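First the structure, in the form of structure tokens, and then the observations on it.
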């Protein structure tokens, strides 16, 4: 297992658009699979205004995890930080539109921005163990 | 988006061995990517005895999410329930050994079993929108 630099971790996040949003509500954990975009080293996802996910994330601590299989293993990036619902910004919507598949419509939506206080990237390299040592 | 039956959701879980464990600790959410096995409609993952993950999951509420891309979209299954660390059981270790890649050694490990109180499977089907209706 290799720990990645923050730069490498953000670069990997920028390559993908599907991740896992982790919440806690009344000390009960929950995970939402969501599409996302990276915007200036923040993470944007969409939620419908007034929906449960909007209420559960705005101004809350969240964790966001993204992983992907590669030819020689798996990487995982975990960002922890605060979420904040944004006011409508047509320029922002346009800028990150490509990250959000048109076949998962959420309308009307608001963006929630995760500002990461920490980020951790790890690469798990697949290999055939040469020998079982114990 | 299609809601799947519990049977279909378990069947999908059995096809994979990599998922996302969601925890809450002091009302802060966390996500751990882990390998897992399905054993008689429970979920088993490994942790080192005495490690943080062991302490944070034993006798706790957890959420477990698994997803996969398919040729026509993505599915996601979310199980919620209680976790419980197991005592060593060589027969169980042998039975589920194939689910755990030898290149991610965790030794010595204990199994933690998630008994699901609810399971939800969803299929998101990719399609080209015929027209934007609004």
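Residue numbers (this note's numbering), protein chains in the order written: chain A, 7 to 140; chain B, 7 to 140.
Cβ atoms here follow ideal geometry from the backbone N, Cα and C, with glycine treated the same way.
On a predicted model such as this, the values are computed, not experimentally measured, just so you know.
In this structure, how does DSSP classify residue i when only helix, strand and coil are distinguished?
i: residue 66 of chain B; result: coil
i: residue 139 of chain A; result: Note that residue 139 of chain A scores a pLDDT of 44, beneath 50, so its modelled location is shaky and nothing firm can be said.
i: residue 92 of chain A; result: coil
i: residue 99 of chain A; result: helix
i: residue 105 of chain B; result: helix
i: residue 113 of chain A; result: coil
i: residue 61 of chain B; result: helix
i: residue 55 of chain A; result: coil
i: residue 74 of chain B; result: strand
i: residue 119 of chain A; result: strand
i: residue 126 of chain A; result: strand
In chain order, what residues of the same chain lie with their CB nearer than 8 Å to the CB of residue i, ignoring the 5 residues before and after it?
i: residue 14 of chain A; result: 127
i: residue 95 of chain A; result: 117
Is the CB of residue i under 8 Å away from at least one CB in chain B?
i: residue 52 of chain A; result: no
i: residue 82 of chain A; result: yes
Name the chain A residues that come within less than 7 Å of residue i, Cβ to Cβ?
i: residue 30 of chain B; result: 30, 33, 34 and 35
Leaving out five residues on either side along the sequence, give the residues of the same chain with a beta carbon under 6 Å from the beta carbon of residue i.
i: residue 84 of chain B; result: 71 and 126
i: residue 89 of chain A; result: 63, 66, 68, 118 and 120
i: residue 49 of chain B; result: 42, 70 and 120
i: residue 28 of chain B; result: 37 and 69
i: residue 107 of chain B; result: none
i: residue 55 of chain B; result: 116
i: residue 124 of chain B; result: 86
Looking at the unbroken beta strand (DSSP E) that takes in residue i, where does it start and where does it end?
i: residue 13 of chain A; result: Note, residue 13 of chain A: premise wrong, no beta strand (DSSP E); alpha helix (DSSP H) at 12-21.
i: residue 30 of chain A; result: 24-31
List the residues of chain B whose Cβ lies closer than 9 Å to the Cβ of residue i, in chain order.
i: residue 67 of chain A; result: 33, 34 and 35
Counting only beta-carbon atoms, is residue i nearer than 8 Å to chain A?
i: residue 73 of chain B; result: yes
i: residue 60 of chain B; result: no
i: residue 120 of chain B; result: no
Run through chain B and tell me which residues come within less than 7 Å of residue i, C-beta to C-beta.
i: residue 39 of chain A; result: 71, 73 and 82
i: residue 26 of chain A; result: 26, 37 and 71
Residues in the same chain with beta-carbon distance under 7 Å from residue i, minus the five sequence neighbours each way, listed in chain order, please.
i: residue 105 of chain A; result: 23, 41, 42 and 43
i: residue 4 of chain B; result: This structure cannot speak to residue 4 of chain B, because chain B is shown only from 7 to 140.
i: residue 10 of chain B; result: 127, 128 and 129
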